[in-house]
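Report on the structure given below.
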Amino acid sequence: MSEFIRNKRNRATVLIIVIWVTLIIAALTAVFAQSVRVESIASANRIAAAQAEAAAAGAVDYVLALSGQQSQVNALPNDLCEAVKVGDAYFWLLRVNALNGGEYDFGIIDEAAKVNINSAPRDMLLNLPGMSSELAGSIIDWRDTDQDLTEGGAESEYYLLLDRPYYCKDDRLETVEEVLMIKGGGRESLFGEDMNRNGVLDWNENDGGKTAPDDNGNGVLDPCFCHYVTVYSYQKNVAEDGGELINVNDKKNMSRLSNLIKSVAGEDYFTIMNRIRTKNHYSSLIELFYTSMMDYDDFNAIAASLTAGDKKRINGLININTAPPEVLLCLPGLEQSDVDAIIQRRGKTGDQSSDTSSILWVTEVLSPEKAVGVGSRITVKSDQYSADIVAASSDGRAFRRYFVVIDTAQEEPRILLRQPLSHLGWPLDEDILDNLRDGKQI
Numbered sequence: 010m011s012e013f014i015r016n017k018r019n020r021a022t023v024l025i026i027v028i029w030v031t032l033i034i035a036a037l038t039a040v041f042a043q044s045v046r047v048e049s050i051a052s053a054n055r056i057a058a059a060q061a062e063a064a065a066a067g068a069v070d071y072v073l074a075l076s077g078q079q080s081q082v083n084a085l086p087n088d089l090c091e092a093v094k095v096g097d098a099y100f101w102l103l104r105v106n107a108l109n110g111g112e113y114d115f116g117i118i119d120e121a122a123k124v125n126i127n128s129a130p131r132d133m134l135l136n137l138p139g140m141s142s143e144l145a146g147s148i149i150d151w152r153d154t155d156q157d158l159t160e161g162g163a164e165s166e167y168y169l170l171l172d173r174p175y176y177c178k179d180d181r182l183e184t185v186e187e188v189l190m191i192k193g194g195g196r197e198s199l200f201g202e203d204m205n206r207n208g209v210l211d212w213n214e215n216d217g218g219k220t221a222p223d224d225n226g227n228g229v230l231d232p233c234f235c236h237y238v239t240v241y242s243y244q245k246n247v248a249e250d251g252g253e254l255i256n257v258n259d260k261k262n263m264s265r266l267s268n269l270i271k272s273v274a275g276e277d278y279f280t281i282m283n284r285i286r287t288k289n290h291y292s293s294l295i296e297l298f299y300t301s302m303m304d305y306d307d308f309n310a311i312a313a314s315l316t317a318g319d320k321k322r323i324n325g326l327i328n329i330n331t332a333p334p335e336v337l338l339c340l341p342g343l344e345q346s347d348v349d350a351i352i353q354r355r356g357k358t359g360d361q362s363s364d365t366s367s368i369l370w371v372t373e374v375l376s377p378e379k380a381v382g383v384g385s386r387i388t389v390k391s392d393q394y395s396a397d398i399v400a401a402s403s404d405g406r407a408f409r410r411y412f413v414v415i416d417t418a419q420e421e422p423r424i425l426l427r428q429p430l431s432h433l434g435w436p437l438d439e440d441i442l443d444n445l446r447d448g449k450q451i
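Going by my numbering, 110 is the number at position 101 of the sequence shown; the sequence numbering is gapless.
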């Protein structure tokens, strides 16, 4: 074989080797570039997640700072709770719109505006939207310490026969979601159609059951009772300054009560005290007011110094100033017309006749029988608040959602619950995330 042919073959071999090496290098470069791209995206996602987490933590501190002032919390404008910018991220304090369930609403939630399922009697539980007789009885059996069956209820004998048996708790519920463990309870009975708990009718909650959850497709959100119940509401039975209240049912306090009444009613105090002594027990201050026949303004002036109970802690009183219609209808004896009158009366802001600083104002809109009937169940104070916090990163890559409950009844506000809800999905308008991803400002 000639030298020319050998050289030509060698050059061809080298060319093939070069081509293969080039292809391998190109492939490795492509793989490396893809790895860099994936890692870059992952890093951006981690940064976005950290940013959303930090914004959520900032929102918790924001709520803690605000919740110390009851009047400030209840009067917060939406712009202080909607798309609040913290650094480059944003957060929202989502809540159910009590007046229009089809629209988003924002603010801090008053837990005293709900029915406390740890203390509410069966009749009040039965008035909750979507509550069954079976579940109401089972809640009472779950929380009480005896083994007596309530109508429709269940004790350990029922729960121990389940595929995954457990004992009846026989103690107070620690979270609302604990209802899911109780006979008659389930996600449908607790959350209804509002499976993502945002209080707004989403497309999948109005498609006639084509996608989860199962819904009736009637264009109206049915959230059952998830937004109207709590396990956290309580208040200390003390004066505003932390001092002792005068218990009107304690005969030892008659002298103190007499002096207090004399300070506002003058010489009429003697006649008033004689009327008060005609009864041995008062269920509430409203009953005392009617029996005493005191002037409204005089009684209202001393109401903050009085109590009709001897317990240091009172659980489950409903704030008559903030409770939505669904909760007000759970109060004993109230009808829709009564609820409408209450809402109309408390909505008269700026009217001198609309003082709602004590529960006495309900006597102006309810009959004496109905006012006395609800008197032991209502309050105008709130010490526990919650916030449904939604936080999003500046680029819309990540969001976090937490439900927190804060107790302000102690010296310093404290967090009772910090529940992650991100797994329920983005609860607000999808356009918000789309705009953030496109680099637009909210």
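Glycine included, C-beta positions come from ideal geometry on N, C-alpha and C.
From a predicted model like this one, the values you see are computed outputs, not experimental measurements.
{"Item": "Three CB pairs or more closer than 8 Å across the stretch 430 to 447 and the stretch 204 to 212", "Value": "yes"}
{"Item": "N-terminal and C-terminal residue of the beta strand (DSSP E) that residue 86 is part of", "Value": "Element bounds for residue 86: n/a, residue is neither H nor E."}
{"Item": "Cα-Cα separation between residue 70 and residue 397, rounded to whole angstroms", "Value": "13 Å"}
{"Item": "Buried versus exposed, by CB contacts within 10 Å (16 or more), residue 41", "Value": "exposed"}
{"Item": "As assigned by DSSP and simplified to three states, the class of residue 416", "Value": "strand"}
{"Item": "Same chain, Cβ closer than 7 Å to residue 82, five either side skipped, listed in chain order", "Value": "75, 76, 117, 394"}
{"Item": "Rounded separation between residue 22 and residue 32 - CA only", "Value": "15 Å"}
{"Item": "Residue burial classification, residue 280 (beta-carbon count within 10 angstroms, cutoff 16)", "Value": "exposed"}
{"Item": "Residue 113 in three-state terms, based on DSSP", "Value": "coil"}
{"Item": "Proximal residues to residue 412 (C-beta, below 6 Å), its chain only, five neighbours per side dropped", "Value": "397, 428, 430"}
{"Item": "Residue from 212, 234, 250 whose Cα sits closest to the Cα of residue 224", "Value": "212"}
{"Item": "CB of residue 321 within 8 Å of CB of residue 239, strictly", "Value": "no"}
{"Item": "C-alpha distance - residue 24 paired with residue 34, whole-angstrom precision", "Value": "15 Å"}
{"Item": "Contact the stretch 256 to 264 vs the stretch 280 to 293: 3+ CB pairs below 8 Å", "Value": "yes"}
{"Item": "Beta-carbon proximity list for residue 404, same chain, < 7 Å, skipping 5 on both sides", "Value": "57, 445, 446"}
{"Item": "Own chain, CB closer than 7 Å to residue 361, minus 5 neighbours either side, in chain order", "Value": "Per-residue confidence for residue 361 stands at a pLDDT of 45, beneath the threshold of 50, marking its modelled position as unreliable; no derived number is given."}
{"Item": "Alpha-carbon to alpha-carbon, residue 78 and residue 308", "Value": "25 Å"}
{"Item": "Residue 375, buried or exposed, once every other Cβ within 10 Å from all chains shown has been counted against 16", "Value": "buried"}
{"Item": "Environment of residue 39 [buried if 16+ CB atoms lie within 10 Å]", "Value": "exposed"}
{"Item": "Three-state secondary structure assigned by DSSP to residue 200", "Value": "helix"}
{"Item": "Continuous alpha helix (DSSP H) stretch holding residue 351: start and end", "Value": "345 to 355"}
{"Item": "Span of the beta strand (DSSP E), counted from its first residue to its last, around residue 397", "Value": "393 to 401"}
{"Item": "Residue 257 in three-state terms, based on DSSP", "Value": "coil"}
{"Item": "Test item: CB-CB of residue 297 and residue 247 under 8 Å", "Value": "no"}
{"Item": "Assigned secondary structure, residue 149 (DSSP; H/G/I helix, E/B strand, else coil)", "Value": "helix"}
{"Item": "Three-state secondary structure (DSSP) of residue 361", "Value": "Low local confidence applies: a pLDDT of 45 at residue 361 is under 50, so the model's placement there is unreliable, with the coordinate-based value given in what follows. DSSP places residue 361 in helix when its eight states are reduced to three."}
{"Item": "Three-state class that DSSP yields for residue 408 in the structure shown", "Value": "strand"}
{"Item": "Close Cβ partners of residue 114 (< 6 Å) along its chain, the five nearest in sequence each way excluded", "Value": "104, 106"}
{"Item": "Under 8 Å between C-beta atoms of residue 145 and residue 135", "Value": "yes"}
{"Item": "Three or more C-beta pairs below 8 Å linking the stretch 158 to 169 and the stretch 225 to 233", "Value": "no"}
{"Item": "As assigned by DSSP and simplified to three states, the class of residue 234", "Value": "coil"}
{"Item": "C-alpha gap between residue 346 and residue 53, whole angstroms", "Value": "56 Å"}
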